[in-house]
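Protein chains in written order, with the numbering used here: chain R, 7 to 334; chain W, 766 to 1665. Written below as structure tokens is the structure these notes are about.
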């Protein structure tokens, strides 16, 4: 299996994350109501997270911060796609399941069948799913209907099937080229989210090349002038450009940036799922990790990885749902 | 002269008995080998049996595991049949909303009433619309008002006792066994396996009523929630069709909710001779409204242009005289419309693009008002127990593509619609009044609630794996939104209403395509290399070359795949014309080198013979710059200056494509023709000629051959393109959904790249085995042939190769097996697109790569998981069949070789 690719080493992941944080995000601030993280006693053991590839770097950053507070803890991070998270969490082979989409009812059912209660999903960051093109591509913006026409074989959005760049208003030599498609594999939450919101629940074209990771998508788009692909905006590089998007009927295109976060059509929560038996307390190891995620440090890591942090309100609700008392 | 019996030539007595050591060794070796052989067979059979073991349950049919009947819980309150019934996801607590506006809670297993509540004490309910698992509802009243809300199941977990040991629940609850239910505190309580109690209750949350733009009673109501807004359509007594858009935006940061309202009256006039519409239904995406009458008339509204919602299609859904629609519903996702009729047929309709040429089974449109480019087709027809038994109820699954259908005679059928699979059949047990009036499925697809006038039937069932049937796996299936049945693989998605597409054919096709192109590149190279090294190369050089080639096999395939995808593919993409040219120039250069070598005077020739091999290498290397510089020229000459545009059919004609494809075939044909007709004549005449003259004539013959080949291919290409009219760039060769055209749009990761790189994997194997086979041909055959005056070429081609054919054949077959099962190279370099195009310039998805990609996400024991095992089994069967065939053929060749 492709473990060499996806079982990201801590160091490598951190390096990538530092590169990926775009300058546009420099002004994003963590909600000042979130507390500083304060280490406590008695935290030791192994943490395994299995799940989203989009959140791989983020998990690595959290792990790094958590380890500096608790050197005795061992953390293993595996990111093969969001759909691997429920499977591992249900089987008990992981402590945390980072997912770039919410669990489906089927997945919750499978968990509940085994454990008798549903898993708890903690919204930990906001991601904007970006549609990337090669940096030399002049396309100004796309409507969701056009995105649907480019990527889907069903065109539920009501647009036409789009195979050439000239169909979306690109002129010149570029216009004559066919559009080459990159996407994620079906295990990915990004795949599922994009399918539901970008393709109106329709099907991907068979010609979308399914890449095992978000960075592979960006790399593919960077290497082909006529390419288009989607992944979390945290993976943007200098070789690709995120296309501004809008819904049909909106006055202007919205960029995948913080200023437009409220209106950008493909903004979503990123989650971490945890097996929490209702009415019981979490063990200190997991409890402290969750508290770390919702601390100032944890949310700064979110910014560093190119995502948008959650507010104190969301953090408080999330901590409550995992049976942790929020002291802020 | 006969020898004396007991004496050998040496004078020693010959031992007639075998020594003990030899005997022991013999027995040991024999048993070890037997054991090993049996072990191998057992191991292979065990793998096979395991694969079958996991995959076989896919094709078992569902069954009822439990059932219960009881009188209608709402009958006590004198309420009519409910508008809606829902149960929680453990099938413990049920709720029903009856037309009088009351909510009834009851135990699902016994029917015991827990609570009854009047939801609208002051108003009269006239219409209602219920969402799926989310629990969203809209009610309509006789004063023209509507009320939106949520009716949801709530779950609480209780412990037996608190930390101090004080019991938290009463004794009768404590006495429960695991999974036993009890009505408790407005709901149902169950003991979980974790020794907690799960308490289910129902939570009703109704918003403030809102007024529609009319005082008239609301008769029909339908709504959907999509992308944060609710679309609501209502038909009121005064004959108006009203559309409301409720837009809610939740700020991700603050959790604040903004609500926008927009209402609009839809253009609607009652058709002559018809009363109020019998059904009004809003599609799941809020983009269409279906208005139906029981006589089969359907009006479809397109809402996508918010400023101009309009009727786009008016059709008749029934065909026969007197036929009536008796039930109307949706599939999960509210995208496919389901109609049941008085003749017992259940039909599933959805919209497909009109211009798609393949549209079949579309009903005649009575009245095309203003088309929106799509039309309704009847994709699935599910038959009832017998012709003429009316469909009386439809119940859609809340989590999959299943549909339950109830009939007038009490029969209940459960279908998996995508696969047209009848999952199970049962019936209600109310002899007096069996007709199924309402039918609802439980959230987890494990229970059915069939309501008749007499009572409730609850069925618990095991659905098994209904999405996979032998026909749906291997034959085309008509999936939602597609204009015709087709082969597809799209197995999973993080989406609730997703229709999984389990067609193995694209993967099998991908496997065969990978194998074909890999063998196309690898096989000739490997076999010719083996013939060359074994028959023409000096022994010393041979001893060095063989290990070098074998070393190629030591490269891990993941490294090869990595290099192919990230290094080779981007580079080749820049130089496609040069690459194509290299295919022609490199072999030509080698041949030309050979002919030039012949021009050398005899003395030089004799002296330089050891340098022949380096000379050819130099010639081949010299061909590469020619290919690189000639590439753009060829592109301009053949492909109208832009290969990609040419491949997209934007420029040029198909002639160039046929020319390329026919070139190798014509070259071989010319070579054969020359050796049959020209060579004998030349040979006879050449006896008289000088050495130089012979060499020159040979060179001239090569030149003529070249010209003939090119002319022949051009001629044929022109004939095929312009006379027959075929284009090699797509469209003209479609068989069973496969597109066999070999030259189409260029993708960076494609079959050509895989073919190149897979060479590293298969060439060493084929080469080694072929070389061994050729070497195994006894030297006396070679000597005899040479002694009779044959040249080394004649000896190799006419004697050695036919003799070693069995070995060469098994080499090829082992290479084939390797190529078919290869995973990493394909996974990384082929793009994994499950296409069915023979195009050498695009990707594919093989069975092996698919298993590697998808197994981590497949939940164990599920349909997807077992489908992957079925894919593995298919791969196993393919390679097993190939190997068996190869062995049979090999034995036949060997028999022939022995006869020599």
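The beta-carbon is built from N, C-alpha and C at its ideal position, and this holds for glycine as well.
Check your understanding: Within this structure, are the beta carbons of residue 997 of chain W and residue 903 of chain W separated by less than 8 angstroms?
Key -> yes
Practice item. Would you check if there are 3 or more beta carbon pairs closer than 8 angstroms linking the segment 1532–1551 of chain W to the segment 1290–1306 of chain W? Key: yes
Point to revise | Selection from R:269, R:158, R:81 and R:315 that minimises the alpha carbon distance to residue 1255 of chain W | key: R:158
Check your understanding: With 16 as the cutoff for other CB atoms within 10 Å, does residue 1304 of chain W come out buried or exposed?
Key -> exposed
Point to revise | Own chain partners of residue 1230 of chain W with C-beta closer than 7 angstroms, once the 5 adjacent residues on each side are dropped | key: 822, 823, 1628 and 1631
Point to revise | Contacts that residue 284 of chain R makes with chain W (C-beta to C-beta distance below 7 angstroms) | key: 922
**Study point:** residue 115 of chain R, DSSP secondary structure in three states
**Key:** helix
Check your understanding: Are the beta-carbon atoms of residue 109 of chain R and residue 193 of chain R separated by less than 8 angstroms?
Key -> no
Review point. Residues in the segment 64–87 of chain R with C-beta within 8 angstroms of chain W's C-beta atoms, listed in sequence order?
Key: 86 and 87
Check your understanding: If you draw a straight line from the C-alpha of residue 1314 of chain W to the C-alpha of residue 218 of chain R, how long is it?
Key -> 32 angstroms
Point to revise | At least three beta-carbon pairs within less than 8 angstroms, the segment 267–275 of chain R to the segment 243–253 of chain R | key: yes
Exercise for review: Excluding the 5 residues preceding and the 5 following residue 91 of chain R in the sequence, name in chain order all residues of the same chain whose CB lies nearer than 7 angstroms to its CB.
Suggested key: 56, 57, 58, 103, 104, 105 and 279
Point to revise | Other residues of its chain near residue 147 of chain R: CB distance less than 8 angstroms, five sequence neighbours each side excluded | key: 249, 250, 251, 252 and 259
Point to revise | Distance, residue 63 of chain R Cα to residue 14 of chain R Cα | key: Its pLDDT being 30, under 50, residue 14 of chain R is placed unreliably in this model, and the value from its coordinates should be taken loosely. If you take the alpha carbons of residue 14 of chain R and residue 63 of chain R, they lie about 8 angstroms apart.
**Study point:** Whole-angstrom distance between residue 1591 of chain W and residue 1362 of chain W, CA atom to CA atom
**Key:** 41 angstroms
Check your understanding: Using the rule of at least 16 other Cβ atoms within 10 Å of the residue's Cβ for burial, across every protein chain shown, is residue 186 of chain R buried or exposed?
Key -> buried
Review point. Are residue 975 of chain W and residue 879 of chain W touching if we call contact CB-CB under 8 angstroms?
Key: no
Check your understanding: Exposed or buried, what is residue 39 of chain R when buried is set at 16 or more other beta-carbons lying within 10 Å of its beta-carbon?
Key -> exposed
Review point. With respect to the alpha helix (DSSP H) encompassing residue 839 of chain W, which residues constitute its N-terminal and C-terminal limits?
Key: Segment: none, residue 839 of chain W is in no alpha helix (DSSP H) and carries neither H nor E.
Exercise for review: Report the neighbours of residue 100 of chain R on chain B: residues whose CB is nearer than 8 angstroms to its CB, in chain order.
Suggested key: In the structure shown, chain B does not exist; the protein chains are R and W.
**Study point:** Euclidean distance between Cα positions of residue 1595 of chain W and residue 1325 of chain W
**Key:** 12 angstroms
Review point. Exposed or buried, residue 843 of chain W, counting other C-beta atoms within 10 Å across all chains shown (16 or more means buried)?
Key: exposed
Review point. Does DSSP put residue 1244 of chain W in a helix, a strand or coil?
Key: coil
Review point. Based on Cα-Cα distance, which residue from W:884, W:1448 and W:1290 lies nearest to residue 1523 of chain W?
Key: W:1290
Check your understanding: From residue 1194 of chain W to residue 872 of chain W, what does the alpha carbon distance come to, in whole angstroms?
Key -> 20 angstroms
Point to revise | Proximity winner among R:118, R:140, R:88 and R:73, relative to residue 233 of chain R (alpha-carbon distances) | key: R:140
Exercise for review: Measure how close the beta-carbons of residue 1350 of chain W and residue 1391 of chain W come, nearest whole angstrom, since I'm counting them as under 8 angstroms.
Suggested key: 5 angstroms
Review point. Is it right to say residue 791 of chain W is buried, meaning 16 or more other beta carbons lie within 10 angstroms of its own, or is it exposed?
Key: exposed
Check your understanding: Is the CB-CB distance between residue 1140 of chain W and residue 1078 of chain W below 8 angstroms?
Key -> yes
Review point. Residue 1648 of chain W to residue 1517 of chain W, Cα distance in whole Å?
Key: 25 angstroms
Practice item. Under 8 angstroms by Cβ, that's how I've got residue 909 of chain W and residue 987 of chain W pegged, so tell me the actual separation to the nearest angstrom. Key: Not really, about 17 angstroms apart at Cβ, beyond 8 angstroms.
**Study point:** Spatial distance of residue 96 of chain R from residue 1216 of chain W (CA atoms)
**Key:** 35 angstroms
Practice item. Kindly list the residues whose CB is nearer than 8 angstroms to the CB of residue 877 of chain W, restricted to its own chain and excluding five residues on each side of it in sequence; keep chain order. Key: 838, 871 and 948
Practice item. Would you list the one or two residues that DSSP bridges to residue 1106 of chain W? Key: W:1090
**Study point:** Within 8 angstroms, strictly: CB atoms of residue 163 of chain R and residue 206 of chain R
**Key:** yes
**Study point:** Same chain, Cβ closer than 7 angstroms to residue 1337 of chain W, five either side skipped, listed in chain order
**Key:** 1344 and 1518
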